[in-house]
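J.: Pasting in a structure now, in structure tokens, and then I'll have a few things to ask.
Number of protein chains: 2
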Amino acid sequence: MKKSPWLPLGLFLLLAFCAAGIGALATTSSVDTWYPTLRKPAWNPPNWVFGPVWTLLYIAMAVAAWRVWRVGSVQAARTTFRLYGSQLALNALWSILFFGLRSPGAALLDIAVLWLVLIRILARFREVDRLAAWLWSAYVLWVSFAFLLNAAVWDLNR
Amino acid sequence: MKKSPWLPLGLFLLLAFCAAGIGALATTSSVDTWYPTLRKPAWNPPNWVFGPVWTLLYIAMAVAAWRVWRVGSVQAARTTFRLYGSQLALNALWSILFFGLRSPGAALLDIAVLWLVLIRILARFREVDRLAAWLWSAYVLWVSFAFLLNAAVWDLNR
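Those sequence lines, one after another, are chains A and B. So the number in our numbering is just where the residue sits in the first sequence, counting from 1, plus 275. So the number in our numbering is just where the residue sits in the second sequence, counting from 1, plus 275.
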């Protein structure tokens with residue numbers, strides 16, 4: 276089944292940048308005030324790294340989901356769309372928990388669930404589209420790193 | 276004349292992210308130490324805005340230049356490539372002057388020249404490709420804003 280390509284890609288990107296926008300709103304409340312007061316591990320990257328990385332990852336995840344969404348049945352496309360929306364919600368929730376509520380512990384729980392959902396999605400994408408699986412792997416790798424960083428920050432500031 | 280599309284797009288993106296990387300290296304030396312000590316205008320955006328915006332703009336400029344590069348003669352394609360490389364050099368030089376050498380005055384001069392080059396490129400792109408011109412306009416708008424911000428920071432910290 277082939278569908279008109281560009282409008283849906285725009286929708287997947289729009290959804291990703293809605294999640295990014297919600298995350299940014301939650302982040303801005305604490306990133307320059309509360310966050311600098313936390314103890315960080317030595318391998319904590321400089322702050323300016325996160326913006327470019329996340330921007331590229333939001334684009335990568337939208338392109339990946341869109342590619343997988345295009346090729347399957349209507350049923351499969353719906354599942355892809357639902358999984359994509361769920362992980363975006365968990366992704367935005369992380370910023371709300373960590374920066375909005377200033378709770379690294381709750382955020383750690385959220386990112387653990389997010390990681391499991393991302394792995395499930397990766398398994399699905401690998402069956403369907405090679406490029407989508409590579410793009411999604413970049414996202415999984417970064418979230419794995421973010422999980423470790425979140426865990427270290429939580430541990431250092433208990 | 277039509278050329279193979281994806282490899283050149285990769286090259287335009289690679290060049291953009293080389294400039295971005297040079298800029299990031301220059302920025303990291305001062306963004307968390309010297310930069311917070313500067314006086315800023317009230318309309319200075321929060322620091323985290325710059326990473327996502329620049330990441331999107333580097334992608335936008337690469338796509339725009341690539342689209343224009345594809346359609347013209349070999350002669351025209353060379354000019355596009357040269358202009359694209361020149362503006363990237365001026366773009367990276369800005370970070371070296373502002374953050375690396377901590378000289379807002381020298382950076383202001385650089386960004387003024389960059390703006391003029393970008394306007395010249397925009398005029399060229401408008402003749403060839405509508406989407407390229409829109410993408411380039413976003414870049415020009417942001418650099419216009421960055422020029423005003425640079426001028427304000429220079430003025431407030433003389």
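The beta-carbon is built from N, C-alpha and C at its ideal position, and this holds for glycine as well.
Report the option in A:Pro327, A:Val343 and A:Gly375 whose CA atom is closest to the CA atom of A:Ala301.
T.: Numbered from 1 along the first sequence, position 26 holds the residue referred to as residue 301 of chain A. The option with the nearest alpha carbon to A:Ala301 is A:Gly375.
J.: According to DSSP, is A:Leu416 part of a helix, a strand, or is it coil?
T.: Taking the first residue of the first sequence as 1, we reach residue 416 of chain A at position 141. Of the three classes helix, strand and coil, the one that applies to A:Leu416 here is helix, per DSSP.
J.: Among A:Tyr359, A:Val428 and A:Thr330, whose alpha-carbon lies nearest the alpha-carbon of A:Arg342?
T.: If you number the first sequence from 1, residue 342 of chain A lands on position 67. Of A:Tyr359, A:Val428 and A:Thr330, the residue nearest in Cα terms is A:Tyr359.
J.: Am I right that B:Trp390 and B:Ala382 are in contact with their C-beta atoms under 8 Å? What's the rounded C-beta distance?
T.: Working through the second sequence from its first residue, we reach residue 390 of chain B at position 115. Working through the second sequence from its first residue, we reach residue 382 of chain B at position 107. The Cβ separation is near 12 Å, so there is no contact.
J.: Hey, is the segment 407-425 of chain A in contact with the segment 334-350 of chain A, meaning 3+ C-beta pairs nearer than 8 Å?
T.: With the cut-off at 8 Å, the segment 407-425 of chain A and the segment 334-350 of chain A touch.
J.: Determine whether the Cβ of A:Leu286 lies closer than 8 Å to any Cβ atom of chain B.
T.: One-based indexing of the first sequence puts residue 286 of chain A at position 11. Not an interface residue.
J.: Taking only beta carbons into account, state which residues of the segment 282-316 of chain B come closer than 8 Å to chain A, listed in chain order.
T.: Of all residues in the segment 282-316 of chain B, Ala295, Ala299, Thr302, Thr303, Val306 and Asp307 have a Cβ within less than 8 Å of some Cβ in chain A.
J.: Check the Cβ of A:Trp323 against every Cβ in chain B and list those closer than 9 Å, keeping chain order.
T.: For the purposes of this step, residue 323 of chain A is identified with residue 48 of the first sequence, where counting begins at 1. By Cβ distance, chain B contributes Ala299, Thr302, Thr303, Val306, Asp307, Asn322, Trp323, Phe325 and Gly326.
J.: Can you tell me whether DSSP reads B:Ala317 as helix, strand or coil?
T.: Numbered from its first residue, the second sequence carries residue 317 of chain B at position 42. Correct three-state label for B:Ala317: coil.
J.: Whole angstroms are fine: how far does the CA of A:Trp323 sit from the CA of B:Gln362?
T.: Here residue 362 of chain B refers to the residue found at position 87 of the second sequence. Here residue 323 of chain A refers to the residue found at position 48 of the first sequence. Each residue's alpha carbon lies about 23 Å from the other.
J.: Taking C-beta pairs closer than 9 Å, name the residues in chain A that B:Leu416 reaches, listed in chain order.
T.: Stepping through the second sequence from its first residue, residue 416 of chain B is reached at position 141. Residues of chain A passing the Cβ test: none, with the nearest at roughly 18 Å.
J.: What does B:Leu331 touch in chain A if you count any residue whose Cβ is under 8 Å from its own?
T.: Translated into positions along the second sequence, residue 331 of chain B becomes position 56. Within 8 Å Cβ-Cβ: Thr330.
J.: Going by beta carbon distance, what residues of the same chain come within less than 7 Å of B:Trp417, once the five residues before and after it are set aside?
T.: Along the second sequence, one-based indexing puts residue 417 of chain B at 142. The answer, listed in chain order, is Val328 and Leu332.
J.: Classify B:Thr355 as buried or exposed, calling it buried when 16 or more other Cβ atoms lie within 10 Å of its own Cβ.
T.: Numbered from its first residue, the second sequence carries residue 355 of chain B at position 80. It is buried - the Cβ of B:Thr355 has at least 16 other Cβ atoms within 10 Å.
J.: Whose C-beta lies closer than 6 Å to the C-beta of B:Leu288 among residues of the same chain, with five residues either side of it excluded?
T.: Position 13 of the second sequence, counted from the start, is the residue given in the question as residue 288 of chain B. Answer for B:Leu288: Ala337, listed in chain order.
J.: Quick one: what does DSSP say A:Ser305 is sitting in, helix, strand or coil?
T.: Counting from 1 along the first sequence, the entry for residue 305 of chain A is found at position 30. A:Ser305: coil per DSSP, three-state reduction.
J.: Are A:Ala339 and A:Phe400 touching if we call contact CB-CB under 8 Å?
T.: The residue given as residue 339 of chain A occupies position 64 in the first sequence. The residue given as residue 400 of chain A occupies position 125 in the first sequence. Yes. Within cutoff.
J.: With distances taken Cα to Cα, identify the nearest neighbour of B:Ala364 among B:Asp385, B:Gly380, B:Ala335 and B:Thr308.
T.: In the second sequence, the residue the question calls residue 364 of chain B occupies position 89. Answer by Cα proximity: B:Asp385.
J.: Since B:Tyr414 contacts B:Ala335 with CB under 8 Å, what's their CB separation in whole angstroms?
T.: Here the question's residue 414 of chain B lines up with position 139 in the second sequence. Here the question's residue 335 of chain B lines up with position 60 in the second sequence. 6 Å between Cβ atoms; contact.
J.: Indicate the three-state DSSP secondary structure (helix, strand or coil) for B:Pro280 in the structure shown.
T.: Taking the second sequence and counting its residues from 1, one reaches residue 280 of chain B at position 5. Coil at B:Pro280, not helix or strand.
J.: Compute the beta-carbon to beta-carbon distance between B:Thr303 and A:Pro316, rounded to the nearest angstrom, for a pair I have assumed lies under 8 Å.
T.: Translated into positions along the second sequence, residue 303 of chain B becomes position 28. Translated into positions along the first sequence, residue 316 of chain A becomes position 41. That pair is no contact at about 18 Å.
J.: Candidates A:Ala291, A:Pro283, A:Pro280 and A:Leu284: which alpha carbon is nearest A:Ala367's?
T.: Stepping through the first sequence from its first residue, residue 367 of chain A is reached at position 92. Out of A:Ala291, A:Pro283, A:Pro280 and A:Leu284, A:Ala291 has the C-alpha closest to the C-alpha of A:Ala367.
J.: Closest by CA to B:Pro379, which one among B:Arg395, B:Asn319, B:Glu402 and B:Leu313?
T.: To locate residue 379 of chain B, count along the second sequence from 1; it is residue 104. Measuring from the Cα of B:Pro379, the nearest candidate turns out to be B:Leu313.
J.: Report yes if the CB atom of A:Arg377 is closer than 8 Å to the CB atom of A:Trp429, and no otherwise.
T.: For the purposes of this step, residue 377 of chain A is identified with residue 102 of the first sequence, where counting begins at 1. For the purposes of this step, residue 429 of chain A is identified with residue 154 of the first sequence, where counting begins at 1. Not in contact: A:Arg377 and A:Trp429 (Cβ atoms no closer than 8 Å).
J.: Let me confirm a value: B:Val349 is counted as buried when at least 16 other C-beta atoms fall within 10 Å, else exposed. Which label applies?
T.: The count along the second sequence starts at 1 and reaches residue 349 of chain B at position 74. Exposed: under 16 other Cβ atoms inside 10 Å.
J.: In the structure shown, what three-state DSSP assignment does A:Arg345 receive?
T.: Here the question's residue 345 of chain A lines up with position 70 in the first sequence. Reduced to three states, the DSSP call for A:Arg345 is helix.
J.: Alpha carbon to alpha carbon, how far is A:Asp307 from B:Glu402?
T.: Locating residue 307 of chain A in the first sequence gives position 32, where the first residue counts as 1. Locating residue 402 of chain B in the second sequence gives position 127, where the first residue counts as 1. So the alpha carbons of these two residues sit roughly 44 Å apart.
J.: Can you tell me which of the three DSSP states B:Leu376 falls into?
T.: Along the second sequence, read from residue 1 onward, the residue named residue 376 of chain B stands at position 101. In this structure, B:Leu376 counts as coil in the three-state DSSP scheme.
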